[in-house]
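Protein chains in written order, with the UniProt record's numbering: chain A, 1 to 374; chain B, 1 to 326.
We put the CB at the ideal spot given by N, CA and C, even for glycine.
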């Protein structure tokens, strides 16, 4: 198609540029989160993440020690360095809280009551006052702080905010909730694909119908049911719930795939005396690996990312919070303004799905196609 | 016992239990109940084969029945009772709910979501699918646009909280406004009516990848001859796209559209995380969650309304599936 009449170079350029534009648009939010998660919390609120490679102008306050005053004619003078031995570069400074960046470095700021203040770029200052200086005067100044990237946010969230427990809880919910439905669904899908019995068509229709039943319906009755049989809100309960909710898609995907397997192989195995159980375990199951993998990825992403089912079927105490609940119910409330912590928490929770996504994308795409194009 | 250990044990027990069930039940059927020996082995084999499908299906059917079929009935039944569940009040929950302003807002907003999100996601998906078709780095571009699919709704909400932040030094939107000279930062999530669209865009951002993947496969499946014929007849690229390609993938577009529609009716996470349903952004799933654990009667009534909204799609899906099997 590249050389076909009708494609113009100008059009190709336009297409390339618009795709670049869309990709950038789609990536920016995530990149912003990733960059922010490594930044110092004061820097996050001082400048946008898109400026993070540059120095940040941050405002500080220092006290001038009144004890080092000396007399110079009619004036009382204090000299010194606001960084007190450290390094830094003053951009602007001022002597009043109401106007902390009144003068540029090197200038002299006239303060009230005939006092004056001079601060050099390197931090050297001269403070002059006609009256005796009793209390330590304040200096306000802004400096250019170099970019500060670190893993501090991750450390804070993981080791002092119990995100590690939430991570393990998520893992605990996810693994059984991914493996068990596959097994149950595989047998059912085989029966629906390769066994003849009355009512098969009806059952398939029921599975297709159940694909779209809103989860919301299941919450109240099933929680009541779990309470009645003594499971209550627990990990066992959420495993069972995820298994039930994942089954329609699992059966549907696997059946669609198994129906497409070559009939000859299965029939010749049966002629050779293989039972259905043997045909299933020795032929159909190994051949269905791609479909099993795609469903496994779906179910993994779905259970890992789920908030609704976890909120309802898990106990609401801090020890059993999964990461989504932890972020939505705890961090956004108690750490609402702490952007660095929020960003690193979000990134911890999306890291594993992203890894799974980028390594297994082929299977995911295949599963999507099998699940909806048919 | 730590939950993780418990989890591993459950995997072992669950997998072992399932395998054991399928193996043993087949064994018993073949060796004990209908052994292919005795007087009439042939008849016994046939009988065993009549029973076997149900052995394979039983665990799945039990789980589906309990976790998806029973709740439809159970929820409706529960919605006929009052808050404590003791007193039968008929459709009382529904009448009070329909009279509630909060419900009307949620319902109206949900309809906005149903109209806007599938349309926008399908549009962007189709756009990207068409633009990246036969492009050299098309697969990388697609992979990056597909990426949000892997991110949880909660994670995505946090990502966008940064973009929408009410501070020109954090939020991109306000930084852009600032650049163009706006003096005060604006909390876009508190702008009535339009805030809904800012929330919807998060879901569009997530779902575009899904639409793109499926539509891109559909575009690939279009017979080359139809396109070549159109080009030879002098059609320009836009005509080729709108008059040749789109009509041929209309079926897939409808499938993508309905799939996203169904999803829209279930997602409560975004509203819950971003605004908690405040500032007039409630939708039915989040409205339901605000009654969950407080008034089960009302919560189940909302859930049943969602079910009724979904019902036409469900029927349509089943008819499609049946038509295919014939």
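Are the C-beta atoms of residue 16 (chain B) and some chain A residue less than 8 Å apart? no
Among all the DSSP beta bridges, which residues are the ones paired with residue 171 (chain A)? None; residue 171 (chain A) has no bridge partner.
If you draw a straight line from the C-alpha of residue 320 (chain B) to the C-alpha of residue 208 (chain A), how long is it? One C-alpha to the other measures close to 10 Å.
Which residues in the same chain as residue 373 (chain A) place their Cβ atom closer than 6 Å to its Cβ, once the five residues preceding and following it in sequence are excluded? Below a pLDDT of 50, predicted positions are generally treated as unreliable, and residue 373 (chain A), at 43, falls in that range; the measurement from the model is reported next regardless. The answer is none, since no qualifying residue turns up.
How many whole angstroms separate the CB atoms of residue 241 (chain A) and residue 211 (chain A), which I take to be in contact at a CB cut-off of 8 Å? Residue 241 (chain A) to residue 211 (chain A), Cβ: 17 Å. No contact.
List, in chain order, every chain B residue whose beta-carbon is nearer than 7 Å to that of residue 363 (chain A). Within chain B, no residue comes near residue 363 (chain A); the closest Cβ sits about 12 Å away, beyond 7 Å.
Excluding sequence positions up to five away, which residues of its chain have a Cβ less than 7 Å from the Cβ of residue 190 (chain A)? 258, 280, 284
For a quick check, are the C-beta atoms of residue 295 (chain A) and residue 182 (chain A) less than 8 Å apart? yes
Below 9 Å between beta carbons is the criterion; list the residues of the stretch 150-167 of chain B that meet it against any residue of chain A, in chain order. 150, 151, 152, 153, 154, 155, 156, 157, 158, 159, 160, 161, 162, 163, 165, 167
Select from A:115, A:89, A:247, A:125 the residue whose C-alpha is nearest the C-alpha of residue 63 (chain A). A:125
Counting only beta-carbon atoms, is residue 279 (chain A) nearer than 8 Å to chain B? False, the Cβ-Cβ gap to chain B never drops below 8 Å.
Roughly how many whole angstroms lie between the Cα atoms of residue 79 (chain A) and residue 127 (chain A)? 6 Å
State the DSSP-derived secondary structure class of residue 70 (chain A), mapped to helix, strand or coil. Here residue 70 (chain A) sits in strand by DSSP.
Is it buried or exposed for residue 77 (chain B), if we count other Cβ within 10 angstroms and need 16 for buried? exposed
Run through DSSP, which three-state label would residue 126 (chain A) get? strand
Which same chain residues, not among the five before or five after residue 355 (chain B), have their C-beta less than 7 Å away from its C-beta? Residue 355 (chain B) is absent from the model: chain B starts at 1 and stops at 326.
C-alpha distance - residue 20 (chain A) paired with residue 43 (chain A), whole-angstrom precision: 30 Å
Could you tell me whether the stretch 189-208 of chain B touches the stretch 106-113 of chain B, where touching means 3 or more Cβ pairs closer than 8 Å? yes
Chain A within 8 Å of residue 318 (chain B), Cβ atoms only: Chain A, which has a Cβ nearer than 8 Å to the Cβ of residue 318 (chain B), makes this yes.
Residues of the stretch 245-262 of chain B with a CB closer than 8 Å to any CB of chain A: list them in chain order, please. Within the stretch 245-262 of chain B, the residues whose Cβ lies closer than 8 Å to some Cβ of chain A are 252, 255, 256, 259, 262, listed in chain order.
Quick one: Cα of residue 132 (chain A) to Cα of residue 340 (chain A), how far? 45 Å
Can you give me the Cβ contacts of residue 164 (chain B) inside the same chain, cut-off strictly under 7 Å, excluding the 5 residues immediately before and after it? 171, 173, 188, 189, 198
Proximity winner among A:268, A:256, A:233, relative to residue 292 (chain A) (alpha-carbon distances): Looking at A:268, A:256, A:233, the one whose alpha-carbon comes closest to that of residue 292 (chain A) is A:256.
Measure the C-alpha to C-alpha separation of residue 2 (chain A) and residue 117 (chain B) and round it to an integer number of angstroms. Its pLDDT being 46, under 50, residue 2 (chain A) is placed unreliably by the model, and nothing is read from it.
By Cβ distance, which residues of its chain are closer than 7 Å to residue 307 (chain B), with the 5 residues on each side in sequence left out? 72
Per DSSP, residue 92 (chain A) forms a beta bridge with which residues? A:104, A:142
Which word fits residue 219 (chain A), buried or exposed, when buried means at least 16 other C-beta atoms lie within 10 angstroms of its C-beta? buried
Chain-order list of residues whose beta-carbon lies under 8 Å from that of residue 235 (chain A) (same chain, five-residue window excluded): 172, 173, 314, 320
Any chance the stretch 263-275 of chain A sits against the stretch 341-356 of chain A, with 3 or more Cβ pairs inside 8 Å? Flag = no, the stretch 263-275 of chain A and the stretch 341-356 of chain A do not touch.
Would you kindly work out how many angstroms separate the C-alpha atoms of residue 150 (chain A) and residue 297 (chain B), rounded to a whole number? 50 Å
Beta-carbon of residue 296 (chain B) versus every beta-carbon of chain A: anything under 8 Å? Closer than 8 Å: yes.
Residue 138 (chain B) versus residue 39 (chain A): straight-line alpha-carbon distance, rounded: 33 Å
Any idea what DSSP makes of residue 28 (chain B), helix, strand or coil? helix
Cβ contact (3+ pairs, closer than 8 Å) linking the stretch 207-222 of chain B and the stretch 120-131 of chain B: yes
Can you tell me whether DSSP reads residue 87 (chain A) as helix, strand or coil? coil
So, with DSSP's three-state summary, where would you put residue 275 (chain A)? Looking at residue 275 (chain A) - three-state DSSP - the assignment turns out to be coil, as it is neither helix nor strand.
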